[in-house]
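Going down the list, the protein sequences come from chains H and B.
Under my numbering, the residue at position 297 of the first sequence is numbered 298, and the numbers go up by one with no gaps.
Under my numbering, the residue at position 37 of the second sequence is numbered 38, and the numbers go up by one with no gaps.
Ideal Cβ placement from N, Cα and C applies to all residues, glycine included.
Number of protein chains: 2
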Amino acid sequence: MLKYIRQAVQGFARRGEVRTAHGAFQTPAFMPVGTAGSVKAMAPESVRATGAEIILGNTYHLMLRPGAERVARFGGLHAFMNWPGPILTDSGGFQVMSLSGLRKITEDGVSFQSHIDGAKHMLTPERSMEIQRLLDADIAMAFDECVKYPADKKAVQKSMERSMRWARRSKDAFLDRDGYGLFGIVQGGMFEDLRMQSVRALTDIGFDGYAIGGLAVGEGQRTMFEVLDYTAHRLPDDKPRYLMGVGRPSDIVGAVKRGVDMFDCVMPSRSGRTGQAFTSHGVLNMRNARHIDDAAPLDAACGCPACRNYARGYIHHLFRSGEMLGGMLLTAHNIQFYQDLMKQIRVAIEAGAFDSFHDDFIARYAHDKKM
Amino acid sequence: MLKYIRQAVQGFARRGEVRTAHGAFQTPAFMPVGTAGSVKAMAPESVRATGAEIILGNTYHLMLRPGAERVARFGGLHAFMNWPGPILTDSGGFQVMSLSGLRKITEDGVSFQSHIDGAKHMLTPERSMEIQRLLDADIAMAFDECVKYPADKKAVQKSMERSMRWARRSKDAFLDRDGYGLFGIVQGGMFEDLRMQSVRALTDIGFDGYAIGGLAVGEGQRTMFEVLDYTAHRLPDDKPRYLMGVGRPSDIVGAVKRGVDMFDCVMPSRSGRTGQAFTSHGVLNMRNARHIDDAAPLDAACGCPACRNYARGYIHHLFRSGEMLGGMLLTAHNIQFYQDLMKQIRVAIEAGAFDSFHDDFIARYAHDKKM
């Protein structure tokens, strides 16, 4: 069981706190992605220094390597990767579903071959719960099925209904303990009636929080917001809401306005490794030659080590020279940018100023598709 | 002009301090290599945290990218890379000499093509001094020629004599300023009479310090120590002595015994990126499957973040998973190991206990060729 405390509300936007076995985190929250037990290119103390309070781990990657039972012998994922704070793990469902040629789906679950060594594995709601418990995830996700986008309504409905049966099995298999929670995942594609059926099915079962899945799959921001418009605020008020795999800063700002509390995305870390920097001036490509002689910091509004200690010209040089430090600095900067954004969002909701924050933000970056 | 203060002597081993325009460093000292303006996989504050007080930059790499004039416009290499302490730069000679097919040597200097874009460049003693001044190196190295090992005596003599003429031109071109120094480089291969001629030529010119070049080129430790036996202690007592590109821990301990004060080598950082860890138990290959379930720290005797915060099994996992954090942690650990070694050496000399430290160290790791 998790405790969720709503501290302020403005429209559908919510300011809250979630308390877990490994400490509390403030919402709206962005969770850096630590796929294989590491937020890529960062030490966990640097992740923490950005203000991040909760990170995400991937069941699929960790079950294959190093293996959930092995992580458990190391004392769980927190001890293994030296992240003492809250951890949310996904169920593995989304990722095994993406292994097109290598997996087979039945009512029982998904059998698949490891992308690492070809070994055969089976993931079911029960096994997913077991793995997430072995990892010691503070927040576990129900095991669900995802269809490719676009898909016809029949296929989406069939898949959603199976996901709801798997959600029931996930709940039954989840070992409830104080400070640990299980989230259900709303499916139903871009169809309002299916989304509503999914919301009802999940709330009938009862979860510690509710995620919205099947978005950020290529449908575009407008469509995603339409789905959120009829889904997010209909989820229980007294539980946290999590939009999976989202997204760009403007996606997050728009989703908070529509009632979402939690986010995760590889974008800030992956972009950082390839030279993209999120800044208050929009997204900069630091590989671009125009930065070569620039003595200004990446973002004068940012307090991260990259912005405090280096010129843009130096960061450009690191990427041009293939130096790892380039990816290290920009990843930390981008995670800092996202955490600063979440803090601004939280402060704005507390102050009852979120609507104008939202409108200003959207207007300011309307020209920048990467924001 | 640099100030070198000898604080203690035991046999040929010396404990001292070098004072530069950017602060002092204690000797014997190991300089982490920051080839292209970054000690690979580390932020400079992490380099400093290991106890490193001086780092090395490479003229060849920096002149090609981002260019010495550009670094100067950023306020010099210290400001550019956020390393406020002393920096030594090599002359570029060794590296352009290694570009076999792409370079031509004349009495004037070396013309070569950039390995990055094929552009033609010329490096002479005068240009090397100018570049090192633009980089704002606290310690510049004379521009010299190196022959491949093995080479016949005639070739070594001819090359050494040219290097001595270039040393003269380097000295003439060097702009002497308080806190800045120029080191001459002893050449002469594995031939005692040539090494002695080189020592005399350089001391006649007069430098702020003396390096021993042309070693660690495949001659083996025994031969290297023979050269040091007849070379190092014959260099001026009142100037620091630097053994270029060396080496393994046992090379360093043996060279200190023979009178050397300064070292640089890519080994700790390069090894770290490929999964090799220097520890008090010898060199460990962290990719090896025997570490997979090991809950012990890398080295209980080490206080670096990798050893304080993680199990060997986790570090193994990072390398198996291709996570950058593996290389980041092991590089920092290895640099820490080298700095701890230098500190132990300094303490031993101060205490008059270096001979037994040396003998214990050599005996302890005699079985481990990587140490």
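Ala301 (chain B) and Val111 (chain B) have their C-alpha atoms spaced approximately 49 Å apart. Between the alpha carbons of Thr51 (chain H) and Gly12 (chain B) lies a distance of about 51 Å. Of all residues in the segment 267 to 299 of chain B, only Arg274, Ile293, Asp294 and Ala296 place a beta-carbon less than 9 Å from a beta-carbon of chain H. Bounds of the beta strand (DSSP E) holding Ile140 (chain B) are Ile140 to Met142. Counting only runs that start and end inside the segment 69 to 137 of chain H, the alpha helix (DSSP H) elements of at least 4 residues fall at 69 to 74, 78 to 82, 94 to 98 and 126 to 136. Taking C-beta atoms as the reference points, Asp137 (chain B) and Leu89 (chain B) fail to come closer than 9 Å. Contact residues of the segment 17 to 46 of chain H toward chain B are Thr36, Ala37, Gly38, Ser39, Val40, Lys41, Ala42, Met43, Ala44, Pro45 and Glu46 (C-beta to C-beta distance below 9 Å). For His62 (chain B), the closest Cβ of chain H is nearer than 9 Å. The C-beta of Leu100 (chain H) comes no closer than 9 Å to any C-beta of chain B.
In this structure Thr232 (chain H) is in contact with Arg196 (chain H), their Cβ atoms being roughly 5 Å apart against a cut-off of 8 Å. Within 8 Å of the CB of Pro241 (chain H), no CB atom of chain B is found; the nearest one sits about 29 Å away. The Cβ neighbour count for His368 (chain B), taken over all protein chains shown within 10 Å, is under 16; the residue is labelled exposed. Cβ proximity to chain H below 9 Å picks out nothing from the segment 182 to 211 of chain B.
Per DSSP, Arg163 (chain H) is one residue of the alpha helix (DSSP H) stretching across Lys154 to Ala174. Gln11 (chain H) is bridged by DSSP to H:Ala14. The segment 343 to 356 of chain H makes contact with the segment 2 to 18 of chain H, as at least three CB pairs between them are under 8 Å. The DSSP-derived three-state label of Ala22 (chain B) is coil.
The C-beta separation of Lys172 (chain B) from Phe208 (chain B) comes to about 7 Å, placing the pair in contact by the 8 Å criterion. Close CB contacts of Glu108 (chain B) within its chain, under the 8 Å cut and outside five residues either way in sequence, are with Arg163 and Arg166 (chain order).
For Ala312 (chain B), the chain H residues whose Cβ falls inside 7 Å of its Cβ are Phe75, in order along the chain. Excluding five sequence positions before and after Val48 (chain H), the CB atoms of its chain that fall closer than 7 Å to its own CB belong to Pro33, Val40, Ile56 and Ile336, given in chain order.
Contact with chain B is absent for Leu136 (chain H), since none of that chain's Cβ atoms lies less than 9 Å from the residue's Cβ. Asn289 (chain B): not part of any beta strand (DSSP E); DSSP gives it neither H nor E. For Met225 (chain H), there are no C-beta contacts with chain B under 7 Å, since the nearest C-beta of that chain is about 31 Å from it. Residue pairing of Leu244 (chain B) in beta bridges, as defined by DSSP: B:Ile213 and B:Phe264. Sequence-distant partners of Leu183 (chain B) (beyond 5 residues in either direction) whose C-beta falls short of 7 Å from its own C-beta, in its chain, are Ala141, Ala143, Ser171, Lys172, Phe175, Phe208 and Asp209. Nearest to Ile117 (chain B) by alpha-carbon distance, out of H:Arg321, H:Leu203 and H:Met329, is H:Arg321. With respect to the C-alpha of Gly353 (chain B), the residue from B:His23, B:Val10 and B:Leu124 having the closest C-alpha is B:Val10. Taking C-beta atoms under 8 Å as the contact rule, Pro306 (chain B) and Leu330 (chain B) qualify, at a distance of about 7 Å. As the crow flies, the alpha-carbon of Gln277 (chain B) is around 29 Å from that of Arg66 (chain B).
The three-state reading of DSSP puts Leu3 (chain H) in coil, since its state is none of H, G, I, E or B. For Gln198 (chain B), the enclosing alpha helix (DSSP H) stretches over residues Glu193 to Ile206. Contact annotation: Ala333 (chain H) and Gly314 (chain H) have beta-carbon atoms that are not nearer than 9 Å. Within chain B, no residue has its beta carbon less than 7 Å from that of Glu220 (chain H); the closest one is some 31 Å off. One Cα belongs to Arg259 (chain B), the other to Lys371 (chain B), and the distance between them is close to 21 Å. The beta carbon of Val257 (chain H) sits closer than 6 Å to those of Ala14, Pro29 and Ile346, all from its chain and outside the five residues before and after it, given in chain order.
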